[in-house]
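Numbered per this note's numbering, the sequence shown spans residues 1 to 372.
Below is one structure, written out as structure tokens; the observations come after it.
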Amino acid sequence: MKKLLYVLSVLVIASMLLVACAPAVEEAPAEEVVEEVVEEVEEVVEKEPMKACLVTDSAGIGDRSFNDAVWMGLENAEKDFGTEITYIESKSADDYTPNLQACIDAESDVVICVGFMMGDACIAAVEANPDVYFMGVDIYGLGMDNFIGIDAYMEQSSFLAGYLGAGMSETGKMGTWTGFVGPVVISFMDGFYMGAMEYNNVHGTTVEVLGYDPKDMENAANIGSWDDTDKGRAISETQMDNGADIIYGVCGNVSTAAAAAMQERGYGYIFGMDQDWTITNPQYSDQILGSALKNMHVAVHEIMMFLEEEGTFAGGKDYILTLANNGTSLAYNADIEVPAELKAEVDALAVKIASGELIAGSPEFMAAYRTQ
Numbered sequence: 001m002k003k004l005l006y007v008l009s010v011l012v013i014a015s016m017l018l019v020a021c022a023p024a025v026e027e028a029p030a031e032e033v034v035e036e037v038v039e040e041v042e043e044v045v046e047k048e049p050m051k052a053c054l055v056t057d058s059a060g061i062g063d064r065s066f067n068d069a070v071w072m073g074l075e076n077a078e079k080d081f082g083t084e085i086t087y088i089e090s091k092s093a094d095d096y097t098p099n100l101q102a103c104i105d106a107e108s109d110v111v112i113c114v115g116f117m118m119g120d121a122c123i124a125a126v127e128a129n130p131d132v133y134f135m136g137v138d139i140y141g142l143g144m145d146n147f148i149g150i151d152a153y154m155e156q157s158s159f160l161a162g163y164l165g166a167g168m169s170e171t172g173k174m175g176t177w178t179g180f181v182g183p184v185v186i187s188f189m190d191g192f193y194m195g196a197m198e199y200n201n202v203h204g205t206t207v208e209v210l211g212y213d214p215k216d217m218e219n220a221a222n223i224g225s226w227d228d229t230d231k232g233r234a235i236s237e238t239q240m241d242n243g244a245d246i247i248y249g250v251c252g253n254v255s256t257a258a259a260a261a262m263q264e265r266g267y268g269y270i271f272g273m274d275q276d277w278t279i280t281n282p283q284y285s286d287q288i289l290g291s292a293l294k295n296m297h298v299a300v301h302e303i304m305m306f307l308e309e310e311g312t313f314a315g316g317k318d319y320i321l322t323l324a325n326n327g328t329s330l331a332y333n334a335d336i337e338v339p340a341e342l343k344a345e346v347d348a349l350a351v352k353i354a355s356g357e358l359i360a361g362s363p364e365f366m367a368a369y370r371t372q
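Right under this line is the structure:
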């Protein structure tokens, strides 16, 4: 029995020694857990360009004056921002409302009304379509959130034209006329008249302006049309027959009828309007003394820029073009010699008007149309 216990003891001790002497079992290293980071990529949605639709007045695109200047602003927006642009031409006032509606039916984002005679139709469209943006060229003062009016103080550059013309006239008589009488065209005629009167005050002369009197603005000379060249020619010849050798027609491209008459008769100058007529009507460059620029294309392009790039629209306000902000100015014809002293006087007047030191409009005009 003792022998058996002895043997068992020896076996137990031997097994313990074997375990103690066995090499340690290395633990497998813990598996490194790599956390996958998924970076969120913001989906870039390309902004669709806006759709802009212009409704012309009866002179239409190709008038080389008013409508073309506005259309130029949209063409520049197409080039710079990708704006989708189109226009609809009006042949008469009866076309205004259906043409504006056609723009709206085409799901245009922006509709441009061109000309003060479209005012009533434009206002009705603005009120009926609060989700559409509108611009009104020569339509202003509405104070509606979806409308920006574009106005120009054309009495300022026209004052310069009147002063220059008075200094260049050989007969001491100038003429002016328009298509229809209204506040916008009166601003041209009034400034032209006041510029001539200023020349008289400075130089002691008696230059007359046929076709306009600020005390009788409503009866300013007009032909009752924006596109009848024959009537433009007739009224120009009447003023020339009455002694005018310089004419400022405020009727878009129809006013070139005066230049045609002068070209035929071999004397006289005209002033262009809205654009530089030495560029748009080079066939009459010998008759164009200068042009009163109305830079509507700048206003239209800038309003579209804010819409396309920033998504903002300054509705309820008017965009005013002035001498001070280069919205209007007088462009000389470089090929017609103007005495240096006279040009210096005109340029000095431009500075005074831009600063507000000199008011270009007559007291009657300013009281009626520049009260804001």
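Glycine residues also receive a C-beta, built at the ideal position from the N, C-alpha and C atoms.
Determine the DSSP secondary structure at Y319, reduced to helix, strand or coil. strand
A220 and M189 closer than 8 angstroms at C-beta: yes
Which residue's Cα is closest to the Cα of G266: Y153, A314 and Y284? Y284
Quick check on M217 - is its C-beta less than 8 angstroms from some C-beta in chain D? Among the chains in the structure shown there is no chain D, since it carries only a single protein chain.
Rounded C-beta distance between N99 and V126? I'm assuming under 8 angstroms. Going by Cβ atoms, the distance from N99 to V126 rounds to 15 angstroms, so no, they are not a contact pair.
Cβ contact (3+ pairs, closer than 8 angstroms) linking the region 340–355 and the region 173–187: no
Grab me the residues of I373's own chain with a C-beta within less than 7 angstroms of its C-beta, minus the 5 sequence neighbours each way, in chain order. The structure shown has nothing for residue 373, since the chain only spans 1 to 372.
With the cut-off set at 8 angstroms, would you say Y199 and A166 are in Cβ contact? yes
By the 10 Å Cβ neighbour count, where 16 or more other Cβ atoms means buried, how is A106 classified, buried or exposed? exposed
Quick one: what does DSSP say K173 is sitting in, helix, strand or coil? strand
Using the rule of at least 16 other Cβ atoms within 10 Å of the residue's Cβ for burial, across every protein chain shown, is K47 buried or exposed? exposed
Bridge-paired residues (DSSP) for Y332: G290
Taking A77 as the reference, which of A52, W226 and P363 has the closest Cα? A52
Going by beta-carbon coordinates alone, are N333 and T278 separated by less than 8 angstroms? yes
Would you report the Cα separation of G60 and F271, rounded to the nearest angstrom? 21 angstroms
Relative to the C-alpha of E424, which residue among V55, E310 and G290 is closest? Examination of residue 424 is not possible in this model, given that the chain is present from 1 through 372 alone.
Return yes when the Cβ of F66 is within less than 8 angstroms of the Cβ of G232, no when it is not. no
Tell me where the beta strand (DSSP E) around M273 begins and ends. Y269 to D274
Using a Cβ-Cβ cutoff of less than 8 angstroms, which residues in the same chain neighbour A260 once the five nearest sequence positions on both sides are dropped? R233 and Y284
C-beta atoms of M366 and G73 nearer than 8 angstroms: no
Inter-residue spacing [alpha-carbon to alpha-carbon] between V254 and T238: 16 angstroms
Provide the residue(s) that pair with Y378 in DSSP beta bridges, ordered along the chain. Nothing in the structure corresponds to residue 378, since the chain is present only between 1 and 372.
Straight-line gap, F313 to M50 (C-alpha atoms, nearest Å): 13 angstroms
Classification of N326 by the beta-carbon crowding that lies within 10 angstroms, buried from 16 upward: exposed
To which residues of the same chain is T206 closer than 8 angstroms at the C-beta, ignoring the five residues directly before and after it? G172 and N200
I'd like to know whether the C-beta atoms of K294 and A161 end up nearer to each other than 8 angstroms. no
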